[in-house]
Structures are given as structure tokens and as C-alpha cells.
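**Q** This is the structure, below, for whatever I ask next.
Protein chains: 2
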Amino acid sequence: MKVYRSVKSLAREIRRIKKQDKSIGLVPTMGFLHQGHLSLIRKAKKENDFIVVSIFVNPAQFGPKEDFRKYPRDAAGDLALCGKEGVDAVFAPSPKDMYPEGYRTYVNVEGLSGALCGASRPGHFRGVATVVIKLFNIAGPDAAYFGQKDAQQAIVIKRMARDLNIPVRIKVMPTVREKDGLAMSSRNAYLDAKGREDALCLHESLKLAKGLFDRGEREPARIIKKMREVIKRNKRAEIEYISIVDQEGLGAVDRARKGALIALAVRVGGTRLIDNIVLN
Amino acid sequence: MKVYRSVKSLAREIRRIKKQDKSIGLVPTMGFLHQGHLSLIRKAKKENDFIVVSIFVNPAQFGPKEDFRKYPRDAAGDLALCGKEGVDAVFAPSPKDMYPEGYRTYVNVEGLSGALCGASRPGHFRGVATVVIKLFNIAGPDAAYFGQKDAQQAIVIKRMARDLNIPVRIKVMPTVREKDGLAMSSRNAYLDAKGREDALCLHESLKLAKGLFDRGEREPARIIKKMREVIKRNKRAEIEYISIVDQEGLGAVDRARKGALIALAVRVGGTRLIDNIVLN
Chain A
1 MKVYRSVKSL AREIRRIKKQ DKSIGLVPTM GFLHQGHLSL IRKAKKENDF IVVSIFVNPA
61 QFGPKEDFRK YPRDAAGDLA LCGKEGVDAV FAPSPKDMYP EGYRTYVNVE GLSGALCGAS
121 RPGHFRGVAT VVIKLFNIAG PDAAYFGQKD AQQAIVIKRM ARDLNIPVRI KVMPTVREKD
181 GLAMSSRNAY LDAKGREDAL CLHESLKLAK GLFDRGEREP ARIIKKMREV IKRNKRAEIE
241 YISIVDQEGL GAVDRARKGA LIALAVRVGG TRLIDNIVLN
Chain B
281 MKVYRSVKSL AREIRRIKKQ DKSIGLVPTM GFLHQGHLSL IRKAKKENDF IVVSIFVNPA
341 QFGPKEDFRK YPRDAAGDLA LCGKEGVDAV FAPSPKDMYP EGYRTYVNVE GLSGALCGAS
401 RPGHFRGVAT VVIKLFNIAG PDAAYFGQKD AQQAIVIKRM ARDLNIPVRI KVMPTVREKD
461 GLAMSSRNAY LDAKGREDAL CLHESLKLAK GLFDRGEREP ARIIKKMREV IKRNKRAEIE
521 YISIVDQEGL GAVDRARKGA LIALAVRVGG TRLIDNIVLN
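Chains as they are written, first to last, in our numbering: chain A, 1 to 280; chain B, 281 to 560.
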């Protein structure tokens, strides 16, 4: 495994790899790797000859009051995990190399970027789409791997790739959960013991929603109301949104149906957590 | 020469060409080809193994009140010229194939898109940047060729390619002119006999500016004032802008110096014409 710390050095290696006609799998991450990331790496490894994992806490996707600075980082631990998984190239550029002085180009997936998480995080998906297209252009992947936990991100990126005719397959892998159901997330590191317990309410509310749907409930408002009740049991939990939307346009559905996405964001003692399920 | 009318069909051919390790040169055009386009094609041909010319009047770069519908088209003539020049692939997709229903992804080169032509054509360079990145993703060129006549377009595209790490060389070729100095442009076809005469004032004013600079004039306001006088001699000529800017950020310069861009847009009897020179 080699670590590339500049755009130029990885781009050079990629040209070499492409000459060998090897397929390239890319796993874009912000580091602080957990089992969710590893599931993406393993899938990439199964499907490609050469695996690139990018580790880059992308300033462009954080708002001015968000947690860019305190976002958890563990460079040594990440490299050890990548090495163990048989990753070929780790790409860990500096913010300055990715966004040099005078940088001014951004990709907007209009309409999809303002819904759900976009409402409280203006500019977030513009930052995500922009860094991802940059990573695609640098690493030239045949396939790129994302987690279903960040459902809106996956939808935005699939739309971008399709709209801009990017020759890459976007693979979205299931959310990996702790034994008690909490969706794996680097931000779980922010939770104290009480917060860790309270954080279960996201998954609990989604399980309840699934149960209601399985028993025939189709009215979004009723499902959301019951989910809200589950979460409200925790005094420290503040709901940012609970939405049932179609996966294509992220618009609210008038009836819950197969393929609809139930997504929510909840602040638990200051830590913003998200989770979702797709009805089936 | 083969003509590809769908994204899919060209993308398939490009995969085949890349397997053969041939270099690809792309010349993006809106058709109605003239000597300016041919100079790009010839340069592309000199530098690459496989030449793609795209012919696509891009709706995304026209404002609602602009000339998308009446923009001159000559499919048969264009194909004949491409055939004669030894083009390998002509890409002539439909608007629906390029912008299918639900399309919503756009590239913005912020700051550069609002200056000069961008002031009177909001959304124009967003449309240009978007279609060009799409063409890059479809045709996978090693190099792409643009004309200096559209100076701002060339600057926006170079910036986009650099910012988004697109693995393509952007080549900007000199403006090709009629014998009397008029910059070649598909929109010259709009001019009647009187308009054709009046249209010379753009080049005349640029020649004057160059003369002033060569004789030591460095004050932008004085240069612009004299240019304005040349153009005002034609009663049907309406100046949209005359600007002397730095090529990096397109900001007005406080002193004319080598490398500065003098650009102007003038309406001649309803036809909007642009031209420019770089001081050297």
C-alpha cells in the first residue's frame, strides 16, 4: 500500500494503472474509518483490481459554524486499517492542494441539495458533489462506493454522475450498525455515555415506522407522528427533520410505498445524527 | 468518419478507442462551422490520433430571450467539412439525450461567470461549463480545443478543468478573421450588408487600442474612451461593454499591461458581436 499526499502523485500513479488495463475502485471517505467504511472497501476489493481509499476531511462541505475543525481524525489508525484490508492506494491530500488559491468551481445538483439535510446545511451537498467529482477526475474509478447511511449524499452523487455523464458506476452499500442498531458514523465519537443511549432513538423510530408500514399503515403523517413520539421520550433529543420522500426527487410522498425513503436527523445532546431506511 | 447521435453510442466507441491507447482530441462546437472551427480541428488532428468534433447547439447556455431557436444550423455542410478535414467522429446528440427529464446538475465557475458577457447573459457560462464537462466525460479527450474569440469561455473552461482536476489539456487557438478583420463567428450570418460593414468597428477599435498601447498609453479609461469613439461612429452600433481585465480573475486592471485582455461586446443592428485581443 502506498500513501499519496498530492493530487499530482496519485494522478501519475492512476495513469500508470490505467495503462495496465486494471479496473479501479474508489472509496471516498473523511477518515476515522469504521466498519461501515470497511464494508465499502471490501466490496470495492471484490469488484476491482486496484483500490483507492481517499481520506480527506473536505472543508467545502462544512458550514462556517459546523464541526470541520473538531471532526474526528485518526491518520495512523486509518492507514493501519487500509493496510489490513489490502488497499492499494490511500489518497490523503491537503486542503490547499484540493482547493488552491483562486479556486472557484462548484457543482450543484439543484433541487436535491436543499431538501432533508440540505435545509439545515446550506452548501453541504454543493461541497460534497464538488469534492466527489474532483476525486473521480483524479482517481478515474470504474466504480465508486458509498454508504446508504448518507442516503441523500448517495442520491445526489448518483444524480450528478448520471447528469454529467461520468463514466463510473456508483455503488451504494447497506448501512452497517452497532449490535444495538445505532448506525455507524464517525460522529458517534462525539457521544458521551448518556448520548450513546439516547442515540438509539433514531433506529428505534425507524424500526417502529417499518413495523407500521408492514402492518399496512400508508399515511406519512401518522407514521411520522409515531416516530416523533419515540424520539421525544429522550429529553436531550431535538428533531431536525423526519421525512418520507421519493428517492428520485426527494419530495414528500403522499402515501408511503415501496421504495420510499424514511430519513431523519436528530440532535442528541449537541451531536447531529442521521439515519434512514428504504421501505420494501 | 462516423456520426454518433447518442451519448451511449459515442461513449461505447470512446471505450474502444481508449483500449487501443490512442490519444483523443475534442473540438466542441455549436456547428455552422467556419474557418475558426477548422483551425481548431486541424490543430487537434496534428496533436492527436482520434478526433471528435461535437456539434450541439446547447440550450443550457442560451437565455430565455436569446437566439437558441434561430441560431444558424447547417448539418449537411458541417458533416461535409468534417469529412474533408479527416475528423474521425462527429458527435451530434439531441438536446433530450444531453438533458433528459429530471436533469438538474450544473457547474458554476463562480466569479468568472458574472463579468463581461456574463453580466448581460446570466446563466450563460454555467451552461457552457456544464455542457463542456459533459462532453469531456463522454469523449474522454486528452486535449480539447477552443477559440480565443470566445476569450471568457476559454478562461472559464481552463479554470474549471484546473479546479476540478479534469485530466485534459485545454488548447486555445488564435481568433481567425475575415480579410477585413472581422472575427469569424457563426452569428455573422445574422448580419445584412450594412451590418457587415458596421461590424468592422469591433476590430477597428481593438486595433486602435493596440496602437495606443504600443505607443505607451497605459491608462484603461483613456484607451476605452478612444475605442468608444470608434464604435460610436456607427449609429446602429450599441456598446454592451468594453473592458480591460486581467485574464486570471477578469477584474478590471488599473493599468494596461502585457497579458491584459481587452474585450468588447457590441450590438450591430440587433446582432450581438464580441471580439478581443490580449496585449503583448
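Backbone N, C-alpha and C fix where the C-beta goes; we use that ideal spot for every residue, glycine too. Owing to the predicted nature of the structure, the values given are computational and were not obtained by experimental measurement.
(1) I believe ILE157(A) touches PHE146(A) by the beta-carbon criterion, under 8 Å. Please report the beta-carbon distance rounded to the nearest angstrom.
(2) When you compare each of GLU509(B), TYR470(B) and LEU359(B) to ILE352(B) by their alpha carbons, which one comes out closest?
(3) Output the boundary residues of the beta strand (DSSP E) element that contains PRO308(B).
(4) What residues in its chain sit with their C-beta under 6 Å from that of VAL307(B), if we drop five residues either side in the sequence?
(5) Over the uninterrupted alpha helix (DSSP H) stretch that includes ASP358(B), give me the two end residues.
(6) Given ASP254(A), which residues of its chain have a CB within under 6 Å of its CB, disregarding the five upstream and five downstream residues?
(7) Just to confirm my understanding: we take SER113(A), look at its own chain, exclude 5 residues before and 5 after, and list those with CB closer than 7 Å. What are they?
(8) On the CB-based measure, 16 or more other CB atoms within 10 Å of its CB, does SER466(B) come out buried or exposed?
(9) Hey, how far is the Cα of GLU217(A) from the Cα of LYS235(A)?
(10) To test your reading of the DSSP string, which unbroken beta strand (DSSP E) runs of 3 or more residues are found completely within the segment 412-450 of chain B?
(11) TYR71(A) CB to nearest chain B CB: under 8 Å?
(12) Please return the same chain residues whose Cβ sits closer than 8 Å to the Cβ of ALA11(A), not counting the five positions on each side in sequence.
(13) Please list the segments of the beta strand (DSSP E) lying wholly inside the segment 210-262 of chain A, counting only runs of 3 or more residues, in order along the chain.
(14) Going by beta carbon distance, what residues of the same chain come within less than 7 Å of LEU200(A), once the five residues before and after it are set aside?
(15) If the cut-off is 9 Å on Cβ atoms, which residues from the segment 100-112 of chain A count as contacting chain B, listed in chain order?
(16) Between which two residues does the alpha helix (DSSP H) containing LYS282(B) stretch?
(17) Is LEU33(A) near ASP78(A), with beta carbons less than 8 Å apart?
(18) Go through its chain and collect everything with a Cβ distance to GLU458(B)'s Cβ below 7 Å, but skip five positions before and after it.
(19) Can you name, in chain order, every residue of its own chain whose Cβ lies under 8 Å from the Cβ of GLY251(A), other than the five neighbours on each side?
(20) Can you grab the Cα-Cα spacing for the pair ILE311(B) / GLU110(A), in whole Å?
(21) When DSSP labels each residue in this structure, what does LEU33(A) get in the three-state scheme?
(22) What did DSSP end up calling VAL7(A) once you bin it into helix, strand or coil?
(23) Give a yes or no on whether 8 Å exceeds the smallest Cβ distance from LEU164(A) to chain B.
(24) Candidates GLN20(A), ARG257(A) and ASN48(A): which alpha carbon is nearest LYS210(A)'s?
(25) Report, in whole angstroms, the separation of the C-beta atoms of VAL266(A) and GLU240(A), which I expect to be a contact under 8 Å.
(26) Report yes if the C-beta distance between LEU541(B) and GLN527(B) is below 8 Å; otherwise report no.
(27) Please tell me whether ARG159(A) has its Cβ less than 8 Å away from any Cβ of chain B.
(28) Once DSSP output is grouped into helix, strand and coil, what is the label at ARG401(B)?
(29) Can you tell me where the alpha helix (DSSP H) holding ARG196(A) begins and where it ends?
(30) Start and end of the beta strand (DSSP E) containing ASP555(B)?
(31) Run through chain B and tell me which residues come within less than 8 Å of ALA11(A), C-beta to C-beta.
(32) Report the rounded CA-to-CA distance for VAL168(A) versus ASP368(B), giving the unit in angstroms.
(33) If you check the beta carbons only, do GLN428(B) and THR455(B) fall under 8 Å apart?
(34) Any Cβ of chain B within less than 8 Å of the Cβ of LYS22(A)?
(35) Taking only beta-carbon atoms, is VAL456(B) less than 8 Å away from chain A?
(36) State yes or no: is the beta carbon of ASN48(A) nearer than 8 Å to at least one beta carbon in chain B?
**A** This is what the structure gives:
(1) One-based indexing of the first sequence puts residue 157(A) at position 157. One-based indexing of the first sequence puts residue 146(A) at position 146. 6 Å between Cβ atoms; contact.
(2) One-based indexing of the second sequence puts residue 352(B) at position 72. A small correction: the amino acid at residue 352(B) is Pro; Ile does not occupy that position in the sequence shown. For the set GLU509(B), TYR470(B) and LEU359(B), the Cα lying nearest the Cα of PRO352(B) is the one of TYR470(B).
(3) Locating residue 308(B) in the second sequence gives position 28, where the first residue counts as 1. Note, PRO308(B): beta strand (DSSP E), 304-309.
(4) Numbered from its first residue, the second sequence carries residue 307(B) at position 27. Cβ neighbours of VAL307(B) beyond the five flanking positions: LEU320, ILE321, ALA324, VAL333 and TYR425.
(5) Position 78 of the second sequence, counted from the first residue, corresponds to residue 358(B). From DSSP, the alpha helix (DSSP H) with ASP358(B) extends over 355-365.
(6) Against the first sequence, residue 254(A) aligns to sequence position 254. Exclusion of the five residues before and after ASP254(A) leaves no residue of its chain whose Cβ lies closer than 6 Å to its Cβ.
(7) Position 113 of the first sequence, counted from the first residue, corresponds to residue 113(A). Cβ within range, chain order: PHE125, ARG126 and VAL156.
(8) Position 186 of the second sequence, counted from the first residue, corresponds to residue 466(B). Around the C-beta of SER466(B), 16 or more other C-beta atoms lie within 10 Å, and the residue is accordingly described as buried.
(9) Position 217 of the first sequence, counting from 1, holds the residue named residue 217(A). Position 235 of the first sequence, counting from 1, holds the residue named residue 235(A). Roughly 27 Å separates the two Cα atoms.
(10) The qualifying runs are 423-427.
(11) As a position in the first sequence, residue 71(A) is number 71, starting the count at 1. So no, TYR71(A) is outside the interface.
(12) Residue mapping note: residue 11(A) aligns to position 11 of the first sequence, counting from 1. Within the same chain, and ignoring the five residues on either side of ALA11(A) in sequence, the residues whose Cβ sits closer than 8 Å to its Cβ are ILE138.
(13) With a minimum length of 3 residues, the unbroken runs of beta strand (DSSP E) contained wholly in the segment 210-262 of chain A fall at 237-245.
(14) Residue numbering aside, residue 200(A) sits at position 200 when the first sequence is read from its first letter. Within the same chain, LEU200(A) has close Cβ partners ASP180, GLY181 and LEU182.
(15) Answer in chain order: PRO100, GLY102, TYR103, ARG104, THR105, TYR106, VAL107, ASN108, VAL109, GLU110, GLY111 and LEU112.
(16) By one-based count along the second sequence, residue 282(B) stands at place 2. From DSSP, LYS282(B) is part of no alpha helix (DSSP H) but of the beta strand (DSSP E) over 282-284.
(17) Start at 1 with the first residue of the first sequence, and residue 33(A) comes out as number 33. Start at 1 with the first residue of the first sequence, and residue 78(A) comes out as number 78. It is a contact, given that the beta carbons lie within the stated cut-off.
(18) Position 178 of the second sequence, counting from 1, holds the residue named residue 458(B). Contacts found: MET464.
(19) To locate residue 251(A), count along the first sequence from 1; it is residue 251. Excluding sequence neighbours, GLY251(A) sits near ALA115 and VAL245.
(20) As a first step, residue 311(B) must be located in the second sequence, where it is residue number 31. As a first step, residue 110(A) must be located in the first sequence, where it is residue number 110. For the record, residue 311(B) in the displayed sequence is Gly; it is not Ile. Using only the alpha carbons, I get a separation of about 29 Å.
(21) As a first step, residue 33(A) must be located in the first sequence, where it is residue number 33. Coil, per DSSP.
(22) In the first sequence, counting from the first residue as 1, residue 7(A) sits at position 7. Of the three classes helix, strand and coil, the one that applies to VAL7(A) here is helix, per DSSP.
(23) Position 164 of the first sequence, counting from 1, holds the residue named residue 164(A). Yes, its Cβ sits closer than 8 Å to a Cβ of chain B.
(24) Counting from one through the first sequence, the residue named residue 210(A) turns up at place 210. Taking only the C-alpha atoms, the option nearest LYS210(A) is ARG257(A).
(25) To locate residue 266(A), count along the first sequence from 1; it is residue 266. To locate residue 240(A), count along the first sequence from 1; it is residue 240. Correct: roughly 6 Å between the Cβ atoms.
(26) Sequence index remark: in the second sequence, residue 541(B) carries index 261 (1-based). Sequence index remark: in the second sequence, residue 527(B) carries index 247 (1-based). Contact: yes.
(27) If you number the first sequence from 1, residue 159(A) lands on position 159. It does: the Cβ of ARG159(A) has a partner Cβ on chain B nearer than 8 Å.
(28) The sequence position of residue 401(B) within the second sequence is 121, counting from 1. Note: ARG401(B) maps to coil in three-state DSSP.
(29) Reading the first sequence from its first residue, position 196 is the one you call residue 196(A). 193-198 is the span of the alpha helix (DSSP H), which, as asked, contains ARG196(A).
(30) Within the second sequence, numbered from 1, the residue matching residue 555(B) stands at position 275. Here the beta strand (DSSP E) through ASP555(B) covers 551-558.
(31) As a working note, residue 11(A) is residue 11 in the first sequence. Going along chain B in sequence order, the residues near ALA11(A) (Cβ under 8 Å) are ASN445 and PRO447.
(32) As a first step, residue 168(A) is located in the first sequence; it is residue number 168 there, counting from the start. As a first step, residue 368(B) is located in the second sequence; it is residue number 88 there, counting from the start. In this structure, the alpha-carbon of VAL168(A) lies about 25 Å from that of ASP368(B).
(33) As a working note, residue 428(B) is residue 148 in the second sequence. As a working note, residue 455(B) is residue 175 in the second sequence. Less than 8 Å separates the beta-carbon of GLN428(B) from that of THR455(B).
(34) Along the first sequence, one-based indexing puts residue 22(A) at 22. No - not a single Cβ of chain B is within 8 Å of the one on LYS22(A).
(35) Sequence index remark: in the second sequence, residue 456(B) carries index 176 (1-based). Chain A has no Cβ within less than 8 Å of the Cβ of VAL456(B).
(36) In the first sequence, the residue the question calls residue 48(A) occupies position 48. Closer than 8 Å: no.
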